[in-house]
Ligand SMILES: [Zn+2]
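In the numbering used here, the protein residues as written are 120 to 323.
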């Protein structure tokens, strides 16, 4: 069908289809909806996306997101004085951090890796932000809770972090199992996450 489509529409479909979980058909449905039903939504989306790039920065301290319009490069969590500086929770993705925040079970601070070791996907130790993490831990952290998912990649990453952080003297612990299958912290409920936190154990 693509040959008959105006180039602007083709481009929109192609861009939508690059999003995770969006196939060609869904991408086409999105683009058609914006064109034939809701052009105001198309404009609002466009503006929001431009804003996303310009107004949201990555927190230089933890890897979460910060509001650039407030003129700082640290996020609201890093800036919150009520947080426990001695506990650092390392997560793979921002969604996992948000899962913890929703649960209210984590009073410490975070560090977002944004990736996991994965030989299959070509992610090696050199691709992990180890320098930043080691520096972060050296800044008064007494316990590092590794909350990477209980998958092959998540476990390999946890072991690697424990080894690399050993010289820091901080206790490195791992969440107890019990997070949902596949380890999607994003969707774990408050009780499950609370239990996983309480049952955490040192990584040998
Ligand atoms: Zn931060």
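Glycine residues also receive a C-beta, built at the ideal position from the N, C-alpha and C atoms. Predicted model, so just to flag it, every value in this text is computed and none were measured.
Check: For the putative contact between residue 175 and residue 161, defined by C-beta atoms under 8 Å, what is the C-beta separation to the nearest angstrom?
Finding: For this step, residue 175 is matched to residue 56 along the chain shown. For this step, residue 161 is matched to residue 42 along the chain shown. With 8 Å as the limit, residue 175 and residue 161 do not qualify as a contact, their Cβ atoms being about 21 Å apart.
Notebook entry, point to check: What is the residue span of the beta strand (DSSP E) that residue 208 lies within?
Noted result: Walking along the chain shown from the start, residue 208 turns up at place 89. For residue 208, the enclosing beta strand (DSSP E) has its first and last residue at 203–210.
Next item on the list: Could you round the C-beta distance between residue 178 and residue 228 to whole angstroms and report it? I think they count as a contact, below 8 Å.
Entry: Against the chain shown, residue 178 aligns to sequence position 59. Against the chain shown, residue 228 aligns to sequence position 109. Not a contact, Cβ separation roughly 10 Å.
Note to self: Between the alpha carbons of residue 204 and residue 223, how many angstroms are there, rounded?
What the structure shows: Mapped onto the chain shown, residue 204 falls at position 85. Mapped onto the chain shown, residue 223 falls at position 104. Roughly 16 Å between the two C-alpha positions.
Next item on the list: Could you check the C-alpha separation between residue 129 and residue 214 for me, to the nearest Å?
Entry: Against the chain shown, residue 129 aligns to sequence position 10. Against the chain shown, residue 214 aligns to sequence position 95. Cα to Cα, residue 129 sits roughly 30 Å from residue 214.
Next item on the list: Please state if the CB of residue 271 and the CB of residue 281 are separated by a distance shorter than 9 Å.
Entry: On the chain shown, residue 281 is found 162 positions in, with the first residue counted as 1. On the chain shown, residue 271 is found 152 positions in, with the first residue counted as 1. No, the pair does not count as a contact, with Cβ atoms beyond the cut-off.
Checklist line | Three-state secondary structure (DSSP) of residue 191 | finding: In the chain shown, residue 191 corresponds to position 72, counting from 1. Collapsing the DSSP output to three states places residue 191 in coil.
Next item on the list: Kindly indicate the opening and closing residues of the alpha helix (DSSP H) around residue 272.
Entry: Here residue 272 is taken as the residue at index 153 of the chain shown, counted from 1. That run of the alpha helix (DSSP H) goes 271–284.
Margin query: Considering only their Cβ atoms, is the gap separating residue 251 from residue 230 smaller than 9 Å?
Written below: Counted from its first residue, the chain shown places residue 230 at position 111. Counted from its first residue, the chain shown places residue 251 at position 132. Contact: yes.
Check: In whole angstroms, what is the alpha-carbon distance linking residue 168 and residue 286?
Finding: If you number the chain shown from 1, residue 168 lands on position 49. If you number the chain shown from 1, residue 286 lands on position 167. Approximately 42 Å, taken between the alpha carbons.
Notebook entry, point to check: residue 147 by DSSP, collapsed to three states: which one?
Noted result: The count along the chain shown starts at 1 and reaches residue 147 at position 28. Three-state DSSP puts residue 147 in a helix.
Check: residue 266: buried (16+ other C-beta within 10 angstroms of its C-beta) or exposed?
Finding: The sequence position of residue 266 within the chain shown is 147, counting from 1. By the neighbour-count rule (16 or more Cβ atoms within 10 Å), residue 266 is buried.
Next item on the list: Take residue 254 as the anchor and find which of 321, 317, 207 and 123 has the nearest alpha-carbon.
Entry: Here residue 254 refers to the residue found at position 135 of the chain shown. The candidate whose alpha carbon is nearest that of residue 254 is 207.
Item checked: Beta-carbon gap between residue 146 and residue 133 smaller than 9 Å -> Numbered from its first residue, the chain shown carries residue 146 at position 27. Numbered from its first residue, the chain shown carries residue 133 at position 14. In this structure, the beta-carbon distance from residue 146 to residue 133 falls below 9 Å.
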